[in-house]
Amino acid sequence: MMSLGAPHLSREFFKFTKSLGEARSKQEEERIVLQEINSLKQHIQHKDVTRTQMKEYLVRAIYVDMLGFDSEFAHIHAINMAQEKDVVCKRAGYLACMQLLRPDSNLMLLLVNTIQKDLNSPNFIERCCALRCICTLLTKEMVPILLPLILQCLEHENEFVRKLALMAIARVYEFNPTCVENVNTIIERGICDQNPAVMANALNLLAIVLQFNPKSFRHLVPSLASILNQICEGRLPSTFDYHKTAAPWLQISIISLFGKLGAGDRRISEYMYEPLTRVMQLAQSGSLLIANAIVFECARTTAVIISNDALVKMASEHITAFLNSSSNNLRYAGICGLSVLVALDVGIALDNQMTVVSCLEDGDETIRRRTLELLYRMTNAKNVCTIVHCFIGQLKSCKDRHQSLELIRKTTLLCERFAPDIWWYIDTMIELMLTALELVDNYVLYNLVNAIKDHILVPTNDEFRNELWVRALELLKNQSLPFVLIQLASWLIGELASCIQQESFNEEMLLLLNFLNGPINETSSSWILTALRNVIICNGYELPSQVIDKLKELSSLECTTTSQRCREILGLVNSKPKFRLASNGFDFKDTFICDYVEAQIQNGAASYKRPERVKETIVLEPPLPVLKFEPYIPQQPLIFNSTNESLQETLEPEIILSDHVPKVWGPGGYPSPPHDQDDVQEMQHPQENSQSPRMNTSQGYSDTFESVNDECSETFDGAETKIQKTLAQSVNGIQTHTSESQRKMALALFEGLDRVKANS
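For the sequence shown, the numbering used here assigns the number 8 to the initial residue and increments by one for each residue that follows.
In structure tokens form, the structure reads like this:
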């Protein structure tokens with residue numbers, strides 16, 4: 008043993024941790040860990056290993072597991088250590104189980120009995136160890152057997168046991184919300200507990216339950232408001248203070264619960280005005296981050312509940328102080344708070360418009376992202392052009408793929424919702440596709456195609472179609488287009504060819520052919536071939552020889568879709584069928600055939616009757632067998648009734664079936680063989696004479712065996728059904744200097760925003 012500030016550590020353990028800290032490469036670290044694993048395997052297998060040594064070996068195994076190596080060799084020893092009577096060893100065993108085992112491990116069955124025993128232990132430390140293990144390793148199969156024991160721990164006199172029991176109840180509730188029947192009573196008793204730690208865990212349980220049923224706990228709002236007032240008055244012990252702030256985490260929990268309970272209910276929200284105002288007034292005097300965190304949570308709750316003007320004004324003043332701070336953390340919180348408060352009062356954003364513009368050029372990327380989120384929430388029909396321009400500008404400099412996809416999504420939604428006209432929408436989408444390249448998905452393309460199609464089908468939009476044709480040709484002349492723009496330009500050429508009056512479309516076909524000669528994916532080639540087919544039909548099946556050669560070349564490719572389309576186009580060129588182009592619409596109701604149908608019905612034909620739908624039968628599968636944790640019921644001893652009947656009386660009389668059986672033995676011995684002719688004939692044909700009696704006898708035996716089999720099958724089915732039933736059971740203001748360009752940007756961004764509440 009070595010005395011190095013930790014006298015309980017051995018020399019080998021100290022050498023192992025020191026070697027890991029001095030490792031210069033991943034390979035050297037791996038070699039050290041593998042050497043430690045081999046050493047642990049040898050030491051653990053010794054028969055004379057003491058409990059102190061085994062405890063250290065398990066801690067070293069935890070180190071091995073933390074470094075990403077297999078520690079399965081120590082699993083069973085961790086379970087055995089958890090069964091020790093010594094509390095220190097038991098805690099080490101439970102710690103090893105929580106760190107090494109997984110909830111789906113097969114060895115969890117061996118740990119259930121230990122947990123059950125420790126939950127009934129009079130030693131509160133053992134109960135705490137078992138409850139901590141439940142919070143980490145609980146599974147669905149363990150809930151029915153452990154839940155009653157957990158509920159008993161809620162009545163324990165020790166506050167640590169009650170606190171951990173509430174944590175275990177929260178874990179159980181995550182598995183199955185319906186298994187804890189009296190959860191309302193549990194939460195109410197936990198909130199009224201004398202210990203603030205137990206009360207805090209009850210609030211955490213309440214936050215989980217509110218996700219499923221928020222309206223059932225609105226009667227607790229006055230109690231929560233009273234608790235928050237007591238915290239502000241300093242009635243809690245000083246041990247719960249943090250940087251001279253009384254129980255800040257408890258305050259944040261209660262304020263967060265206010266937002267969930269008071270949403271959409273004015274009567275309940277009125278109970279929250281006084282405590283929220285008091286909390287923000289107390290936090291106003293402090294400049295610590297923890298006080299600012301409480302104020303930020305108050306601002307979020309103010310935006311969710313039905314607030315009054317005084318509360319909204321106080322929250323906006325604090326958010327403005329955050330925005331004017333020199334700390335990036337507070338500025339980030341200010342942007343987040345402004346994003347939620349802008350839904351209540353747009354004037355808050357107008358008061359901070361220059362600060363918002365400066366945040367767009369901030370060096371901190373997180374602040375820029377949150378500013379874009381704020382602008383997204385502020386967009387209207389008047390400032391959409393400026394805000395979308397800001398989004399595309401940020402997209403050009405963004406290097407994060409996920410952030411780029413989010414910017415594309417928001418830009419697309421804003422353009423679809425607030426586009427001033429179709430041309431602005433088309434130009435913006437094309438600019439977005441040129442900027443994002445291949446990050447634009449098919450959803451954006453399909454929405455753009457549908458929007459253009461609605462305007463193409465209008466008969467009086469000839470000017471729109473001609474301008475669109477010119478822009479499509481300009482796109483096709485650019486050979487470095489992304490695939491999504493190639494598809495868009497091809498579709499425009501194919502759809503507009505029948506509406507454009509010109510003598511020849513050879514130039515358009517050659518432009519489409521240029522993309523087929525270059526690197527292109529299968530989807531884009533399908534769009535190009537479809538457009539080429541439409542142009543060939545509009546051109547009277549006349550096409551350049553280069554196009555025919557390319558189609559013949561592509562028709563022999565292994566790609567089924569491309570080759571099939573090419574063969575179809577070549578077949579059209581050879582057969583030259585006549586098509587009626589430029590249809591004004593589609594007849595989905597088949598009105599062209601209505602006259603014929605009516606005439607046939609008048610002539611006596613039967614009208615069409617839709618066949619009835621056959622109801623689908625649902626086959627219910629039997630429930631899967633579950634594990635049984637209860638002990639087996641001992642077999643009851645056999646008890647015989649004492650009666651006066653004798654054995655002879657108990658026995659049933661024996662029945663001897665002797666009819667129609669040939670008697671070959673008699674009083675005089677074995678009879679002599681028959682000598683009569685009749686007897687000889689009877690002996691020569693015994694089957695004819697004895698056939699009927701033997702058949703009757705065998706039939707009687709068959710009936711007897713069938714009745715016995717029926718009784719056995721009923722007994723087996725009942726036992727099987729019984730077995731299945733058993734198995735189923737987270738301010739100092741500074742003055743900002745703005746430039747003329749920033750003022751212009753602010754006027755453009757905040758155009759259309761009036762100082763009027765958005766939501767009362």
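Beta carbons are placed, not taken as given, at the ideal position from N, Cα and C, and that holds for glycine.
**OP:** Using the Cα positions of Val66 and Phe303, report the straight-line distance between them to the nearest angstrom.
**Re:** Stepping through the sequence shown from its first residue, residue 66 is reached at position 59. Stepping through the sequence shown from its first residue, residue 303 is reached at position 296. Going from the Cα of Val66 to the Cα of Phe303 covers about 42 Å.
Original post:
How would you label Ile433, buried or exposed, when you count the other beta carbons within 10 angstroms and need 16 or more for buried?
Top reply: The count along the sequence shown starts at 1 and reaches residue 433 at position 426. So Ile433 counts as buried.
**OP:** Determine the DSSP secondary structure at Ser332, reduced to helix, strand or coil.
**Re:** Taking the sequence shown and counting its residues from 1, the one referred to as residue 332 is at position 325. Ser332 falls in the strand class under three-state DSSP.
Original post:
How would you label Ser497, buried or exposed, when you count the other beta carbons within 10 angstroms and need 16 or more for buried?
Top reply: In the sequence shown, residue 497 corresponds to position 490, counting from 1. Buried, by the Cβ-count rule.
Original post:
Among Ala538, Ser533 and Ile493, which one has its Cα closest to the Cα of Asn513?
Top reply: Residue mapping note: residue 513 aligns to position 506 of the sequence shown, counting from 1. Nearest of Ala538, Ser533 and Ile493 to Asn513, Cα basis: Ala538.
Original post:
Going by the beta-carbon positions, is the gap between Leu231 and Ile261 smaller than 8 Å?
Top reply: Taking the first residue of the sequence shown as 1, we reach residue 231 at position 224. Taking the first residue of the sequence shown as 1, we reach residue 261 at position 254. Yes, the Cβ-Cβ distance between Leu231 and Ile261 is below 8 Å.
Original post:
Are the CB atoms of Ile301 and Ser323 nearer to each other than 8 Å?
Top reply: Counting from one through the sequence shown, the residue named residue 301 turns up at place 294. Counting from one through the sequence shown, the residue named residue 323 turns up at place 316. Their beta carbons are not under 8 Å apart, which means Ile301 does not touch Ser323 by this criterion.
Original post:
Within this structure, are the beta carbons of Leu402 and Leu421 separated by less than 8 Å?
Top reply: By 1-based counting over the sequence shown, the position of residue 402 is 395. By 1-based counting over the sequence shown, the position of residue 421 is 414. Not closer than 8 Å, so no.
Subject >> Cα-Cα separation between Lys25 and Arg18, rounded to whole angstroms >> reply: Looking up residue 25 in the sequence shown gives position 18. Looking up residue 18 in the sequence shown gives position 11. Whole-angstrom Cα-Cα distance: 10 Å.
Original post:
From Pro221 to Gly271, what distance separates their C-alpha atoms?
Top reply: In the sequence shown, counting from the first residue as 1, residue 221 sits at position 214. In the sequence shown, counting from the first residue as 1, residue 271 sits at position 264. For Pro221 and Gly271, the distance between alpha carbons rounds to 11 Å.
Subject >> Arg384, buried or exposed, once every other Cβ within 10 Å from all chains shown has been counted against 16 >> reply: Here residue 384 corresponds to residue number 377 of the sequence shown, with the count starting at 1. Its Cβ having fewer than 16 others within 10 Å, Arg384 is exposed.
Original post:
Would a C-beta distance cut-off of 8 Å place Val190 and Val216 closer than the cut-off?
Top reply: Counting from one through the sequence shown, the residue named residue 190 turns up at place 183. Counting from one through the sequence shown, the residue named residue 216 turns up at place 209. Yes. Within cutoff.
Subject >> Completely contained alpha helix (DSSP H) runs for the segment 123-197, where each covers 4 or more residues >> reply: 131-144, 150-160 and 166-182
Original post:
Using the rule of at least 16 other Cβ atoms within 10 Å of the residue's Cβ for burial, across every protein chain shown, is Lys170 buried or exposed?
Top reply: Position 163 of the sequence shown, counting from 1, holds the residue named residue 170. Buried, because 16 or more other Cβ atoms sit within 10 Å of the Cβ of Lys170.
Subject >> Same chain, Cβ closer than 6 Å to Pro551, five either side skipped, listed in chain order >> reply: Against the sequence shown, residue 551 aligns to sequence position 544. Closer than 6 Å at the Cβ level, and outside the excluded window around Pro551, lie Asn513.
Original post:
What distance in whole Å lies between the Cβ atoms of Thr567 and Ser533, which are believed to be in contact at a cut-off of 8 Å?
Top reply: Position 526 of the sequence shown, counted from the first residue, corresponds to residue 533. Position 560 of the sequence shown, counted from the first residue, corresponds to residue 567. Wrong, their Cβ atoms sit about 11 Å apart, outside the cutoff.
Original post:
Anyone know if the C-beta pair for Ala89 and Leu118 falls short of 8 Å?
Top reply: Taking the sequence shown and counting its residues from 1, one reaches residue 89 at position 82. Taking the sequence shown and counting its residues from 1, one reaches residue 118 at position 111. Going by C-beta atoms, Ala89 is nearer than 8 Å to Leu118.
Subject >> Anticipated Cβ contact below 8 Å, Val228 with Ile275, distance rounded >> reply: The sequence position of residue 228 within the sequence shown is 221, counting from 1. The sequence position of residue 275 within the sequence shown is 268, counting from 1. About 5 Å separates the two Cβ atoms, so the contact holds.
Original post:
Identify the residues that DSSP records as bridge partners of Tyr249: which are they?
Top reply: As a working note, residue 249 is residue 242 in the sequence shown. DSSP, once it has assigned bridges, lists Thr252 as partnering Tyr249.
Subject >> Coarse secondary structure for Asp352, derived from DSSP in three states >> reply: As a position in the sequence shown, residue 352 is number 345, starting the count at 1. Strand.
Original post:
Thinking C-beta only, is Ala388 closer than 8 Å to Phe425?
Top reply: By 1-based counting over the sequence shown, the position of residue 425 is 418. By 1-based counting over the sequence shown, the position of residue 388 is 381. Against a cut-off of 8 Å, the Cβ pair of Ala388 and Phe425 comes out as a contact.
Subject >> Whole-angstrom distance between Thr598 and Pro618, CA atom to CA atom >> reply: Stepping through the sequence shown from its first residue, residue 618 is reached at position 611. Stepping through the sequence shown from its first residue, residue 598 is reached at position 591. Whole-angstrom Cα-Cα distance: 22 Å.
Original post:
Distance, Cα to Cα, Val187 vs Asn120?
Top reply: In the sequence shown, the residue the question calls residue 187 occupies position 180. In the sequence shown, the residue the question calls residue 120 occupies position 113. Approximately 22 Å, taken between the alpha carbons.
Subject >> C-alpha distance - Ser404 paired with Ala443, whole-angstrom precision >> reply: The residue labelled residue 404 in the question sits at position 397 within the sequence shown. The residue labelled residue 443 in the question sits at position 436 within the sequence shown. Straight-line Cα distance between these residues: approximately 11 Å.
**OP:** Please classify Gln802: does DSSP put it in a helix, a strand, or coil?
**Re:** Any question about residue 802 goes unanswered here, given that the chain covers just 8 to 767.
Subject >> Identity of the residue in Leu47, Leu351 and Ile176 nearest Asp316 by Cα >> reply: Residue mapping note: residue 316 aligns to position 309 of the sequence shown, counting from 1. If we check each option's Cα against that of Asp316, Leu351 comes out closest.
Original post:
Going along the chain, which residues of its own chain have a beta-carbon closer than 8 Å to the beta-carbon of Ile157, five neighbours each way excluded?
Top reply: Taking the first residue of the sequence shown as position 1, residue 157 is located at position 150. Correct list, in chain order: Leu126, Leu138, Ile141, Ala172, Ala175, Ile176 and Val179.
**OP:** Going by CA-CA distance only, name the one from Leu483, Arg375 and Gln508 that's closest to Asp469.
**Re:** Locating residue 469 in the sequence shown gives position 462, where the first residue counts as 1. Looking at the Cα atoms, Gln508 is the closest of the given residues.
Original post:
With DSSP run on the structure shown, which of helix, strand or coil describes Phe21?
Top reply: The sequence position of residue 21 within the sequence shown is 14, counting from 1. Helix.
Original post:
Could you give the distance in angstroms between the alpha-carbon of Arg540 and the alpha-carbon of Gly501?
Top reply: Here residue 540 refers to the residue found at position 533 of the sequence shown. Here residue 501 refers to the residue found at position 494 of the sequence shown. Spanning the two alpha carbons is a distance of roughly 8 Å.
Subject >> Proximal residues to Ile122 (C-beta, below 7 Å), its chain only, five neighbours per side dropped >> reply: As a working note, residue 122 is residue 115 in the sequence shown. Excluding residues within five positions, the ones whose Cβ falls inside 7 Å are Ala137, Cys140, Ile141 and Leu153.
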